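So for the sequence shown, this note's numbering puts the first residue at 72; every next one is plus one.
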Amino acid sequence: MRTTMEYFLNQQPEWVYYITGIIIVLGLITTFILIGRAAMKYTEKIDKELGFQKIQQELYDTKYQAAIHKDISLQSIHALRNAERFLKQLQQARRFSVQSEENLQTYENLIIRIVHALSSDIKFQPGEQHRSSVWIEESGQLVYFTGSNAFDDRDENQILPMNETIAGRCFRKKEIQLVPDVSDDVDGMPKHHNGYGAILCLPLSEWGVLTVDAHRAFQEEMMYICRLYARVIDLAFFEYSQMINDGYITQQFNERE
């Protein structure tokens, strides 16, 4: 068989080999062209699918951001309504003010309600946890006055030194202190924060400090709500102190006489 094939090939003229070679080359070229076109079509198809996936991802991200902004807007409106309600209650307490221990309790209860509401009114995303508290200056120290539900009974006897604490620095300087990471602050004391990584301290005139703890950095909207609530608490403390200085003490003195 091999001998027959060799004999057959030897009998062929040279032009047959040339034509056969050309046919083989053209076949290879055609094959490469077809493979290249198929590869290009496959690549275009992949690009289209990737582009479609990219558009889907961008659309999802846009919807997600829109939902976040909607939640922030609704929560901000809720916080503003609460602030308006607290201001009305403060106005009513002033209007119907009587020189009695009952009215002092009214102001104190109002401050407590504001502090409790603040920790939930700045919750813009599910799972976020905050705690808020008011500290009163007394004998050169900051004494715990009231706090949100995150504080337990042991916190009621807690005292913060005026030095080497972020709250104390806020009171001394009468400036807002925003600390994204308490572990990086020179006055940060982790044992006083119980796992909360960020803190916002707002001065309450000469009375004390409002502190707000968070597990992560504060959003801008949170800060404005905290500042608004701090001003309402400040007004309540002003009325509270005015009643003590001007009314309640005088009443108690007259009753003793």
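No residue lacks a Cβ here, since even glycine has one placed at the ideal position from N, Cα and C.
Bear in mind that the values here come from a model prediction, so they are computed numbers and not experimental data.
Item: With DSSP as the reference, identify every bridge partner of residue 115, one or two as the case may be.; Value: For residue 115, which the question treats as bridged, DSSP gives no partner whatsoever.
Item: Taking residue 242 as part of the alpha helix (DSSP H), name the residues at either end of that continuous run.; Value: 237-244
Item: Assuming residue 238 and residue 269 are in contact, meaning their beta carbons sit under 8 Å apart, how far apart are those beta carbons, in whole angstroms?; Value: Incorrect: roughly 14 Å between the Cβ atoms, too far for contact.
Item: What do you reckon, are the CB atoms on residue 157 and residue 185 nearer than 8 Å?; Value: yes
Item: State the start and end residues of the unbroken beta strand (DSSP E) segment that holds residue 205.; Value: 201-209
Item: Could you tell me which residues DSSP pairs with residue 284 in its beta bridges?; Value: 202, 270
Item: Ends of the beta strand (DSSP E) at residue 214?; Value: 212-218
Item: In or out: residue 102 buried (at least 16 other Cβ within 10 Å) or exposed?; Value: exposed
Item: Less than 8 Å between the CB atoms is what I'm expecting for residue 311 and residue 178, so what's the real figure, rounded?; Value: 4 Å
Item: Can you name, in chain order, every residue of its own chain whose Cβ lies under 7 Å from the Cβ of residue 299, other than the five neighbours on each side?; Value: 154
Item: Which one of 180, 202, 174 has the shortest CA to CA distance from residue 313?; Value: 174
Item: Does the distance from the C-beta atom of residue 247 to that of residue 273 stay below 8 Å?; Value: yes
Item: Can you tell which of 190, 107, 199, 100 has its C-alpha closest to the C-alpha of residue 205?; Value: 190
Item: According to the Cβ coordinates, are residue 283 and residue 203 closer than 8 Å?; Value: yes
Item: So what's residue 279 in DSSP terms, helix, strand or just coil?; Value: strand
Item: In angstroms with no decimal places, state the Cα-to-Cα distance between residue 207 and residue 128.; Value: 50 Å
Item: What does DSSP give as the partner residue(s) for residue 250 in the beta ladder?; Value: 270
Item: Measure the C-alpha to C-alpha separation of residue 281 and residue 301 and round it to an integer number of angstroms.; Value: 7 Å
Item: Buried or exposed: residue 296, going by 16 or more other Cβ atoms within 10 Å of its Cβ?; Value: buried
Item: Please identify the residue among 195, 134, 250 whose C-alpha is closest to the C-alpha of residue 148.; Value: 195
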